[in-house]
Structures are given as C-alpha cells and as structure tokens.
Amino acid sequence: MKTLRFVVAVAGAVAAGVVLAQSGADVVKAKGCLNCHDVSEKKVGPSYKELAAKYKGDAKAGGMLAAKLKEGKAHPKVAASDAEIKAAVDYVLSQK
Ligand code: HEC
Numbered sequence: 000m001k002t003l004r005f006v007v008a009v010a011g012a013v014a015a016g017v018v019l020a021q022s023g024a025d026v027v028k029a030k031g032c033l034n035c036h037d038v039s040e041k042k043v044g045p046s047y048k049e050l051a052a053k054y055k056g057d058a059k060a061g062g063m064l065a066a067k068l069k070e071g072k073a074h075p076k077v078a079a080s081d082a083e084i085k086a087a088v089d090y091v092l093s094q095k
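Below, the structure is given as structure tokens:
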C-alpha cells in the first residue's frame with residue numbers, strides 16, 4: 000500500500016509539472032508576452048487572434064515562429080525554454 004501511495008504521489012507531481020511547463024496560457028503571462036500582445040487587441044505587437052488567422056493552415060508556422068522567438072531575430076528576444084516557447088506559440092496559433 001505504501002508503494003502504491005508513493006507511485007501515485009510521484010505521478011501526480013510529474014503531471015502537475017508538465018501542465019505548468021506546457022500551458023501556453025501560463026507562459027504568455029509568466030514570460031511577459033502579454034506586455035506587448037493581447038489575445039484580441041493590437042498592442043505593441045499583433046493580437047494573437049490576428050496571428051492565428053494569418054498562419055491558419057500553415058503547417059510550418061509553429062516551428063518557424065518558435066525559432067524566431069528563440070533567436071530573437073525580428074522579434075524581441077524571449078527568455079523562455081524551448082518547451083515554453085513551443086507551448087506559447089501553440090497557444091497563440093490556437094486562438095480563434
Ligand atoms: C517587447 C514587446 C514584445 C514582447 C515582450 C513579445 N512580443 Fe511578440 N511581437 C512583438 C512585435 C512588435 C511583433 C510584430 C513584429 C514581429 O513580427 O516581430 C511581434 C510578433 C509576434 C509574433 C508573430 C511573428 C511573425 O513572424 O508573424 C508572435 C507569434 C509573437 N510575437 C509571439 C510572442 C510570444 C509568445 C511572446 C512571449 C514569449 C512575445 N511575442 C513577446 C512584440 C513583443
């Protein structure tokens with residue numbers, strides 16, 4: 000019984016960590032993206048809805064945008080891990 004409880008606790012902690020690291024909605028808040036972007040209003044940068052519409056149907060957009068944010072080329076450099084950037088970009092592109 001003790002072992003089972005341990006396994007459940009570890010699985011729970013791992014699941015919570017994954018959710019934290021991968022929730023794009025959390026990343027855009029935590030990494031300051033929302034200082035320059037809004038989901039539906041244009042601010043310093045384009046709104047996320049506008050970007051999702053612009054890249055709709057472009058299967059390569061996710062990878063291209065993640066690389067752009069990571070390298071900080073033609074975009075303010077972003078201090079986030081690869082997984083966080085990917086989650087943020089997926090979140091941006093999923094806005095409707
Ligand atoms: C200091 C302001 C600023 C911050 C912070 C910022 N952005 Fe931007 N972002 C811009 C501006 C300005 C543009 C439009 C020019 C461009 O495309 O680079 C833009 C464009 C984009 C684009 C579209 C790029 C393209 O090629 O069409 C995406 C996607 C994006 N931002 C995502 C993010 C994410 C995710 C974050 C946080 C991790 C973030 N931005 C943080 C200012 C910012």
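Note that numbering that gives the first Met the number 0 has the sequence shown beginning at 0, numbered continuously upward. By construction, the Cβ of each residue, glycine as well, lies at the ideal position given by its N, Cα and C atoms.
Beta-carbon contacts of residue i that lie in its chain and below 6 Å, excluding the five residues immediately before and after
| i | result |
| --- | --- |
| valine 88 | Gly61, Leu64, Ala65 |
Heavy atom of ligand 1 within 6 Å of residue i beta-carbon
| i | result |
| --- | --- |
| alanine 87 | yes |
| alanine 73 | yes |
Outcome for residue i when other beta-carbon atoms lying within 10 angstroms are tallied against a minimum of 16
| i | result |
| --- | --- |
| alanine 78 | exposed |
| valine 43 | exposed |
| lysine 72 | exposed |
Cutoff 7 Å; reference residue i; Cβ partners in own chain excluding five residues on either side
| i | result |
| --- | --- |
| tyrosine 54 | Ala60, Leu92 |
| cysteine 32 | Ala87 |
| glutamate 40 | Ser46 |
Reference residue i; option with closest CA among the options
| i | options | result |
| --- | --- | --- |
| histidine 36 | Lys28, Ser46, Ala29, Ile84 | Ser46 |
| glutamate 70 | Ile84, Ala58, Asp57 | Ile84 |
| lysine 95 | Ala24, Ala51, Val27 | Ala51 |
| lysine 76 | Gly56, Lys30, Ala82 | Lys30 |
Alpha carbon of residue i to alpha carbon of residue j, nearest angstrom
| i | j | result |
| --- | --- | --- |
| serine 22 | valine 38 | 15 Å |
| tyrosine 90 | histidine 74 | 18 Å |
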